[in-house]
Amino acid sequence: MIKVIVKRLLQAIPLLFFISIVSFLLIKLAPGDPVQSFVTPDMSQEDVERIRHNLGLDQPIYVQYVRWLINILSGDFGYSLISHRPVLTMIAERLPATFGLMGSSLLLSLLIAIPLGLYAAANKNGWFDRLISGISYVGISIPIFWFALLLIYLFSLKLNLLPSIGMRTIGVNSAWDVIKHGILPCLVLAFQNASVYLRYIRSNTISQLEEDYVQIQYAFGSTKREVLFHHILRNVLLPVITIFGLSIPNLIGGAFITETIFSWPGMGSLGVTSIFSFDYPVIMAITMFSSLMLVIGNLIADILYSIVDPRIRPKG
Amino acid sequence: MKKLLFLSVIFILVFGLVGCGNDQSANQNADDGNSNSTSNTTSEGGSSPKSGGSLIVAVSGDPDVMNPLYANDRVTLTIQQSLFAPLYRMNNGQKEYVLAESFTPSEDNLTYTLKLKDNLKWHDGEKITADDVIFTMESILDEKQNSSSRSNYIFKGKPLTMKKVDELTVQFILPQVSAAFEGILLDFYPIPKHVFENETDLSQSEKNQHPIGSGPFKFKEYKPGEYVMLERFDDYFAGKPYLDSIIYRIAKDPNAANIALQNGEINMRMVDPQDYQKLNDTGKFNMVTFPEGRLFFMAFNMNTEIMSKKEVRQAIAHALNKDEMIATAYISSEFADPAASVFTPDTLYQTNDVKTYEYDQAKAKELLAAAGVTGNEKIRIAYANNNKVATSLSLYTQQKLQEIGLTVELIALDPNAYSTKIFDKNAKDFEITFGGYIMGEEPDAYKSLFQSDADYNYARYKNPQLDALWEDAAVETDPAKRADLYKQIQQTIGEDVPYLPIAYPKAVIAVDKKFGGLEEAKPIPIAMFEDLSKIYVK
């Protein structure tokens, strides 16, 4: 097992390298210029060029890339071009907010999607199945910013139950206050994720129900409930694990739109701000962390696979 | 304030935020007829100011760097307004001293003597002295420090020099006469020498995370992505502020922010004209409406053959109705005034005595015929697709120009592609675009838009006589002669119309009615209020 993990991690190195080149190129080739945040109308052209030179932005792209790469390899993620603060510090202070929000919404969506998906499949084409399928279609297709604003309008403005923006009430330092602020963004994310998961689980359950082993269990006199939760669930978890693995980078990368609308102080809103200001040290750091988490997430998924399904346990 | 950026203006969604307008009274209520909904006079209910309470101000993002040397963005400038104090401010053309006791030019206008008030304190209790002023200026001039203000203090390639006279007095010695110097120094906010002395890179200094300032409020706490909290500075020379604290809270989405405003999670926010009615109807807010010192204009790309003809530009000016344009882009004339001069009304020596082009389609057609335009030429209008004002005005202009027989094509671009295109001095692939700027009180700042080789000359307008006038006006110290030069400049531009001034939009700030002292705090462009120490809880 350890051998497999080491091998997979080594395989990830060229992948991460490739991702870094592509992202760097995309950022640099897109129109726009980080120096614009320094420029004011009454600055002379020489001063603009001097600042560009001081920041190393007048170098060819490959020189800038190699310089960035060497720094990264020695653990130096550099400074933001906009806030001039160390990139690692900026990311570290955003991580808890994003991790809390994304983790809780992931958990919530699995808690919703697994039982509902199983139950809907067991009653295929019944009224419950149709209702759940209908709602999940809405969840997948609804524009997230609209849904978020709708919830804010209802729960904050009309019912005055929950706060509309931010992560805490100024001057209040309690866990409950943070949770209250997190409910709406968590709901928005969970509704969308759960809708996607539910469709996977439902269709997978339906195909499992037609398998021979299910018929045999019925023949042995098992109830539908026993079959669903003891026998099918284990097999249905396989695609769920895949989805879970793919969601892990989101725990770090955050949710761009939802975090921005709720002014949630996480990585997503940091990412949006950095992209709009061409702050490439920050964008690159976020991209690399997310990519690394994607690799790790896939690895975790593979390990979980082998626990759930002995057939795909790696040999050696 | 001239630090403010068209850049922001151009690519940012924030566009609608602002207004312009022209009334000299800084704080004009939008609906005077309905005084109980919007008025904020000094006699509010007869309640006298009392101390205490806190104010939560919405800002649209994190501050860049809380250090005046690098403050260029709206959020940082807003926070800086309370955290740092300038040497003096300008109020209707009169200097109002803040940190300075006096600031006087010599006979030959080459030496300016600054005397600081005695017993001024930094927020950590240290005394503010001439050394701080000199340190700040030296840091700005230091090429390694990347301050965007540096160009302001370089005159024909030579930096100004300084001489310390005594603990509170500094002389600034200019290499040549600059009539704009007093105006330029409005943006000068001293930073403490004892804090930054040994830092190699001021922008990356850890010290910027807990800034030591000189303004009415001192730094308390910064939570990235959440808020910046300032608290009352008891030793402020002009007296203790009323409020205990000010919180600049980050609210990124304008719709969510408006709900937070109505819920009381935020007490003050600059809002769009579109949201005026809705917020005003709640009865919870004073809607402070005032000219933002902004001009919204149409620029003709004079690189193109057709736009290099003055008659064509004048014809287009006659073909457009500014009142209709304002109704199209700003909802109603409450939120913008029609513009005549390219200078905004808050700029020194602004005059409305310039050539204006009344709406007259017959005259427009006549001018086109005189210029030999047949109507087969295509007029391309380029605009950024996230700019609501430019988008609606492009559609309007298309319709109006078709009425006088021109063929118009609209080019909607993504904001970055758009800014690349308009900054390209050789661009010939569009004829018309729109833009806006806030240049502040000092007219010299405007030359970056009009001189032949200037970086922001969106019109690619080349006029050597005009270039010379700008240079003369910059060194003319006799106010009457200077006024005359700037009048000539505005009139020349009015005649040549490289830019067609459209509107001076107004800004609207919604402030929770429980706060008073808004008029004394004085609404200003960008930072919202000049002096939040005057605001109190009623």
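Residue numbers (our numbering), protein chains in the order written: chain A, 1 to 316; chain B, 1001 to 1538. Ideal Cβ positions, reconstructed from N, Cα and C, are used throughout, including at glycine. Here the structure is a predicted model, which means the values were calculated and not measured.
- With respect to the 9 Å criterion, residue 209 of chain A and residue 122 of chain A are classified as neighbours on the basis of their beta carbons.
- Listed along chain B, no residue sits closer than 9 Å to residue 104 of chain A by beta-carbon distance, the nearest being about 18 Å off.
- Nearest C-alpha to residue 1488 of chain B among B/1467, B/1503, B/1192 and B/1504: B/1467.
- At a cut-off of 9 Å between beta carbons, residue 264 of chain A contacts chain B.
- The straight-line gap separating the alpha-carbon atoms of residue 1130 of chain B and residue 1114 of chain B is approximately 9 Å.
- Note on geometry: alpha-carbon atoms of residue 75 of chain A and residue 1143 of chain B lie some 29 Å from one another.
- For residue 288 of chain A, the enclosing alpha helix (DSSP H) has its first and last residue at 280–308.
- Excluding five sequence positions before and after residue 285 of chain A, the CB atoms of its chain that fall closer than 7 Å to its own CB belong to 77, 87 and 91, given in chain order.
- Against chain B, the CB of residue 239 of chain A has no partner CB under 9 Å away; the residue lies outside that interface.
- Along the region 1222–1235 of chain B, the positions whose C-beta sits under 9 Å from a C-beta of chain A are 1223, 1224, 1225, 1226, 1227 and 1229, read in chain order.
- When only Cα atoms are considered, residue 1360 of chain B and residue 1403 of chain B end up about 12 Å apart.
- Contact between the region 1143–1158 of chain B and the region 1201–1219 of chain B is present: three or more C-beta pairs spanning the two stretches fall below 8 Å.
- For residue 1215 of chain B, there are no neighbours in chain A by C-beta distance under 8 Å, as the nearest C-beta there is about 20 Å away.
- Minimum Cα-Cα distance from residue 33 of chain A among the listed residues A/278, A/302 and A/297 corresponds to A/278.
- Taking a Cβ-Cβ threshold of 9 Å, the residues of chain A close to residue 1249 of chain B are 165, 166, 170 and 263, in chain order.
- In the same chain as residue 166 of chain A, and ignoring 5 residues on each side of it, the C-beta atoms closer than 8 Å to its own belong to 181, 262, 263, 264 and 265, in chain order.
- The C-beta distance from residue 1157 of chain B to residue 1348 of chain B rounds to 26 Å, too long to meet the 8 Å contact threshold.
- In terms of CA proximity to residue 173 of chain A, B/1223 leads the group B/1223, B/1171 and B/1503.
- For residue 1101 of chain B, the uninterrupted beta strand (DSSP E) segment begins and ends at 1100–1105.
- DSSP, read as helix, strand or coil, puts residue 77 of chain A in coil.
- Within the same chain, and ignoring the five residues on either side of residue 1485 of chain B in sequence, the residues whose Cβ sits closer than 7 Å to its Cβ are 1469, 1472, 1473 and 1476.
- Fully enclosed alpha helix (DSSP H) runs of no fewer than 4 residues occupy 1254–1263 and 1276–1281 of the region 1233–1311 of chain B, in order along the chain.
- At the C-beta level, residue 24 of chain A and residue 61 of chain A come within 9 Å of one another.
- With a cut-off of 8 Å on Cβ pairs, the region 1296–1306 of chain B is in contact with the region 1418–1436 of chain B, counting three or more such pairs.
- Within the region 121–152 of chain A, contact with chain B at the beta-carbon level (separation under 9 Å) is assigned to 145, 148, 149 and 152.
- Non-local beta-carbon contacts of residue 1140 of chain B in its own chain, meaning distances under 7 Å to residues more than five positions away in sequence, involve 1069, 1147, 1149, 1150 and 1153 in chain order.
- Taking the CA atoms as reference points, residue 1235 of chain B sits about 26 Å from residue 1267 of chain B.
- Taken in chain order, the unbroken stretches of beta strand (DSSP E) that lie wholly in the region 1407–1448 of chain B and span 3 residues or more are 1407–1413 and 1432–1438.
- When the five nearest sequence neighbours on each side are left out, the beta carbons in the same chain lying within less than 6 Å of the beta carbon of residue 94 of chain A are those of 266, 267 and 270, in order along the chain.
- C-alpha of residue 5 of chain A to C-alpha of residue 154 of chain A: approximately 48 Å in a straight line.
- A check of alpha carbon separations from residue 1238 of chain B across B/1182, B/1121 and B/1076 identifies B/1121 as the nearest.
- Nearest C-alpha to residue 28 of chain A among B/1416, B/1424 and B/1517: B/1416.
- Comparing alpha-carbon positions, the option among B/1066, B/1127 and B/1282 lying closest to residue 1220 of chain B turns out to be B/1066.
- Within the DSSP bridge table, the entry for residue 1516 of chain B names B/1536 as partners.
- Looking at the DSSP output, residue 1163 of chain B bridges to B/1171.
- Collapsing the DSSP output to three states places residue 220 of chain A in coil.
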